[in-house]
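**Student:**
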Amino acid sequence: MEKAEILGLKRTAKELRKAIIDIVYKAQSGHPGGSLSEIDMLVALYFSRLNVDPKDPKGKGRDKFVLSKGHASPGLYAVLAEKGFFPKKELDGFRKIGSMLQGHPELATPGIEYAGGSLGQGICFAVGLALAGKLDKSKAKVVVMIGDGEAQEGAVWEASMAAHFHKLDNLIAILDKNQVQETGRTEEVMAIDPAAEKWKAFGWNVAEINGHDMGQVVDALGRAWSMQNGKPTMIVSNTVKGKGVSFMELNHKFHGKAPNEEEYKKAIAEIEAIDVEKFG
Amino acid sequence: MAEVKKEATREGYGKALVELGRANKDVVVLDADLNDSTKSDYFRAAFPDRFFNAGIAEQDMIGMAAGLSVCGKIPYASTFAIFSERAIEFTRNIVARNKLNVKIAGSHAGIHTGEDGKSAQAIEDIAFYRALPNMAVIQPCDSVETRKAVFALAEYRGPSYMRLLRNPLPIIHGDGYRFRVGKGEVLAEGGDVAIIATGTMVHEALASIELLKKEEIAATVVNMHTIKPLDTELIRKLAEKAGCFVTAEDHNVIGGLGGAVAELCAKECPAPIEMVGVQDRFGESGKPAELYEKYGLTAKHIAEAARKAAKRR
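Note that the protein sequences, when read in sequence, are chains A and B.
Just so we're aligned: the first sequence equals residues 24 to 303 in the working numbering.
Just so we're aligned: the second sequence equals residues 603 to 915 in the working numbering.
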């Protein structure tokens, strides 16, 4: 990919970081930390990789993205609105009564492929999507993103075993390894490391990258897309929870809390000050 | 009198899946390493490419079935009723919440399962599934009805739980029987008491008719194969006609068929109800008939309950 294109993706990610803060601030509710950690990956997926069409969200043969860590919905909603799946003004209704944008994603929202909210389930669902793809001899990819805290759920490993067993090379998983969960550092709550080695032992192709370095993200997705060796691929995406807002970074208190007015202003100012050339 | 043919409902399930699989290429079957027991193994043998063994991983099985269903497949996912409960929150959050077209089947339900003892005897599954919005809950009473239900569910859009039984039961339905989701089947009519039974207890209820006749109590017997959506029209009619009920199920008396009937009657058609079922305790090892005697699930117990209900009118 051209350098200019990478720069374009980085600029989009910067804009959507602001959108995330805005969405959560307006709702005074939601999960900013995990949204900020995933956003570079989501931008790369939706603006450079996934074969999806906002004008035909249920189109045949489309790629499917499953956000298993459903609490990080602000990040996904920001991307889907930017992509044109629904009007941006919908973002103001996030978590409000009657809104299309529920606290955790629902299938009724255009562009949403999986209704998350309970951890450890989306990857099982994604294995089902990939199995159906194999039955139908589809060329489409299934991409699922899970959190590192989420990997504490046993069902993640049931699904990881099944994906290898069924030779699902149409399945790409992304571990948004943002190091922090609701009550603290993942390595202190219940360590999942060595994560990459675990998925290697489960028979997956495994790549490990800096998930905020757009160049690395784009490269990793490109390699994962071309994998046809009968194995699913895991991208261990090393990220920072709350990335881009200093007081949210690696701060578990911003796992599921909205900024107040002062914090909001500071967060927006910090994001505006990001130099996309150096970010990552 | 000619001997009545017997077959387990799980046999009916397995055989029906093969027939259905032949007729409909979208049908896929999953199991959690109990396919030899649930009889979904017949489908595996016939259509290995459309059968997925999840291994002993019920949560992943339900998640996979959900994924397959949104791609246009019609997944039947079976295991023991008790182990399907391990994935109840998966069923709640992926299948029921999204109204996905997943057909769950739980075999070896109730204390009728027998010798395996209390760990295997699901007596709370109906309550779990019934409390999930969008779920249909079905328990056929013989293998022919099971076959009909398997086919009916393929046409029914939405999630369902079918409760299957390990041990053989008399076949009371003929091939011409028409199974309709949500419509109770009246097997006998009598004006003194209405016995609403499901699964094994349909047979006990039928046997209780003769016992009651001796005391000049005429009973209506309903095979309530669909516990949800409940046939409210029929219950309301019977509340008027018979004025009292006995519910009969091999399930806890909390949250099952008895609970469903009581909820409706309390709201819309008050009538005395006696509940025959497992009285809020776990089962134990033993032969089904011994357990039914000990836990109060026989025709005699239904007749006794009917007498009480009739007196309370």
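Don't be surprised by glycine CBs; every beta carbon is placed ideally from N, CA and C.
Should Val-783 of chain B and Ala-738 of chain B be called a contact, given that it needs their Cβ atoms to be closer than 9 Å?
**Tutor:** It is a contact, given that the beta carbons lie within the stated cut-off.
**Student:** With DSSP collapsed to three states, give me the class of Met-737 of chain B.
**Tutor:** DSSP places Met-737 of chain B in coil when its eight states are reduced to three.
**Student:** To the nearest angstrom, how far is it from the Cα of Ser-642 of chain B to the Cα of Lys-830 of chain B?
**Tutor:** Cα to Cα, the separation comes out at about 24 Å.
**Student:** Can you tell which of A:Trp-222, A:Ser-183, A:Gly-170, A:Lys-119 has its C-alpha closest to the C-alpha of Leu-198 of chain A?
**Tutor:** Among A:Trp-222, A:Ser-183, A:Gly-170, A:Lys-119, the Cα nearest to that of Leu-198 of chain A belongs to A:Gly-170.
**Student:** With a threshold of 6 Å on Cβ separation, who are the neighbours of Ala-754 of chain B within its own chain once the five nearest residues in sequence on each side are excluded?
**Tutor:** Contacts found: Phe-781, Val-783.
**Student:** Note down, in chain order, every chain B residue with its Cβ under 7 Å from the Cβ of Ser-141 of chain A.
**Tutor:** Glu-691, Asn-695, listed in chain order.
**Student:** Helix or strand or just coil, what does DSSP make of Met-168 of chain A?
**Tutor:** Strand at Met-168 of chain A.
**Student:** Using beta-carbon positions only, say whether Ser-887 of chain B and Glu-717 of chain B come within less than 9 Å of one another.
**Tutor:** A contact, by the Cβ cut-off of 9 Å.
**Student:** Touch check for the segment 175-186 of chain A and the segment 35-45 of chain A: three-plus C-beta pairs under 8 Å?
**Tutor:** The answer is no - the segment 35-45 of chain A does not touch the segment 175-186 of chain A, with fewer than three Cβ pairs under 8 Å.
**Student:** Ala-174 of chain A to Leu-813 of chain B, Cα distance in whole Å?
**Tutor:** About 59 Å.
**Student:** Does the beta carbon of Leu-59 of chain A come closer than 9 Å to any beta carbon on chain B?
**Tutor:** No, because no Cβ of chain B sits closer than 9 Å to the Cβ of Leu-59 of chain A.
**Student:** Output the distance between the C-alpha atoms of Gly-267 of chain A and Ile-297 of chain A, rounded to the nearest integer angstrom.
**Tutor:** Cα-Cα distance, rounded: 8 Å.
**Student:** Taking the C-alpha atoms as reference points, what is the distance between Gly-265 of chain A and Asp-882 of chain B?
**Tutor:** Cα to Cα, the separation comes out at about 49 Å.
**Student:** Decide if the segment 50-64 of chain A is in contact with the segment 272-285 of chain A; the criterion is three or more beta carbon pairs, one per stretch, under 8 Å apart.
**Tutor:** Yes, the segment 50-64 of chain A is in contact with the segment 272-285 of chain A.
**Student:** Within the chosen definition, does the segment 191-209 of chain A reach the segment 240-257 of chain A through at least 3 CB pairs nearer than 8 Å?
**Tutor:** The segment 191-209 of chain A, when compared against the segment 240-257 of chain A, does touch it at the 8 Å Cβ threshold.
**Student:** Taking the alpha carbon of Gln-125 of chain A as the reference point, which residue from A:Ala-95, A:Leu-142, A:Val-150 has its own alpha carbon closest?
**Tutor:** Checked all of A:Ala-95, A:Leu-142, A:Val-150; the closest Cα to Gln-125 of chain A is A:Ala-95.
**Student:** Roughly how many angstroms lie between the CA atoms of Gly-776 of chain B and Thr-748 of chain B, to the nearest whole one?
**Tutor:** Rounded to whole angstroms, Gly-776 of chain B to Thr-748 of chain B spans 12 Å at the Cα level.
**Student:** Check distances from the C-beta atoms of the segment 81-99 of chain A to those of chain B and list, in chain order, the residues that come in under 7 Å.
**Tutor:** Hits within the stretch: zero.
**Student:** Which residues bound the beta strand (DSSP E) around Ser-762 of chain B?
**Tutor:** Unbroken beta strand (DSSP E) run through Ser-762 of chain B: 762-765.
**Student:** Please state if the CB of Ser-671 of chain B and the CB of Val-629 of chain B are separated by a distance shorter than 9 Å.
**Tutor:** Their beta carbons are not under 9 Å apart, which means Val-629 of chain B does not touch Ser-671 of chain B by this criterion.
**Student:** For Val-630 of chain B, which residues does DSSP report across the bridge?
**Tutor:** Answer by DSSP bridge pairing, in chain order: B:Pro-677.
**Student:** Considering Cα atoms alone, identify which of B:Ala-911, B:Ser-745, B:Tyr-644 is closest to Phe-653 of chain B.
**Tutor:** Ranking B:Ala-911, B:Ser-745, B:Tyr-644 by Cα distance to Phe-653 of chain B puts B:Tyr-644 first.
**Student:** Below 9 Å between beta carbons: does that hold for Ile-904 of chain B and Ala-850 of chain B?
**Tutor:** Against a cut-off of 9 Å, the Cβ pair of Ala-850 of chain B and Ile-904 of chain B comes out as a contact.
**Student:** Excluding five sequence neighbours on each side, which residues of the same chain lie with their C-beta closer than 6 Å to the C-beta of Val-804 of chain B?
**Tutor:** So the qualifying residues of the chain are Cys-743, Asn-825.
**Student:** Roughly how many angstroms lie between the CA atoms of Ala-219 of chain A and Asn-228 of chain A, to the nearest whole one?
**Tutor:** Cα to Cα, the separation comes out at about 9 Å.
**Student:** So what does Asp-199 of chain A bridge to, in DSSP terms?
**Tutor:** In DSSP, Asp-199 of chain A forms a bridge with A:Gly-170, A:Ser-260.
**Student:** Helix, strand or coil: which one does DSSP assign to Pro-772 of chain B?
**Tutor:** In this structure, Pro-772 of chain B counts as strand in the three-state DSSP scheme.
**Student:** Determine which residues share a DSSP beta bridge with Leu-194 of chain A and list them.
**Tutor:** A:Val-165, per the DSSP bridge assignment.
**Student:** Please list the residues of the segment 778-797 of chain B that have a C-beta atom closer than 7 Å to any C-beta atom in chain A, keeping them in chain order.
**Tutor:** Those would be none; no residue qualifies.
**Student:** If the cut-off is 9 Å on Cβ atoms, which residues from the segment 134-165 of chain A count as contacting chain B, listed in chain order?
**Tutor:** Per Cβ criterion, the list reads Glu-136, Tyr-137, Ala-138, Gly-139, Gly-140, Ser-141, Gly-143, Gln-144, Gly-145, Ile-146, Cys-147, Phe-148, Ala-149, Val-150, Gly-151, Leu-152, Ala-153, Leu-154, Ala-155, Gly-156, Leu-158, Asp-159, Ser-161, Val-165.
**Student:** Would you call Met-213 of chain A buried or exposed, if buried means 16 or more other Cβ atoms sit within 10 Å of its Cβ?
**Tutor:** It is exposed - the Cβ of Met-213 of chain A has fewer than 16 other Cβ atoms within 10 Å.
**Student:** For the segment 205-222 of chain A, enumerate the residues whose C-beta is nearer than 8 Å to any C-beta of chain B, in chain order.
**Tutor:** Those residues of the segment 205-222 of chain A that come within reach of chain B (Cβ to Cβ, closer than 8 Å) do not exist; the list is empty.
**Student:** Quick one, are the C-beta atoms of Ile-797 of chain B and Arg-765 of chain B less than 9 Å apart?
**Tutor:** No, these two residues do not count as a Cβ contact at 9 Å.
**Student:** Drop a sphere of 10 angstroms on the beta-carbon of Phe-270 of chain A, count the other beta-carbons inside from all chains shown, and report buried for 16 or more, exposed for fewer.
**Tutor:** Flag for Phe-270 of chain A reads exposed.
**Student:** From the beta carbon of Ile-664 of chain B, is the nearest beta carbon of chain A less than 9 Å away?
**Tutor:** It does; some Cβ of chain A falls within 9 Å.
**Student:** Tell me, which residues are paired with Leu-609 of chain B by DSSP?
**Tutor:** With the sequence shown as reference, residue 609 of chain B is identified as Glu, and Leu is not the correct amino acid for it. BP columns for Glu-609 of chain B point to B:Leu-771.
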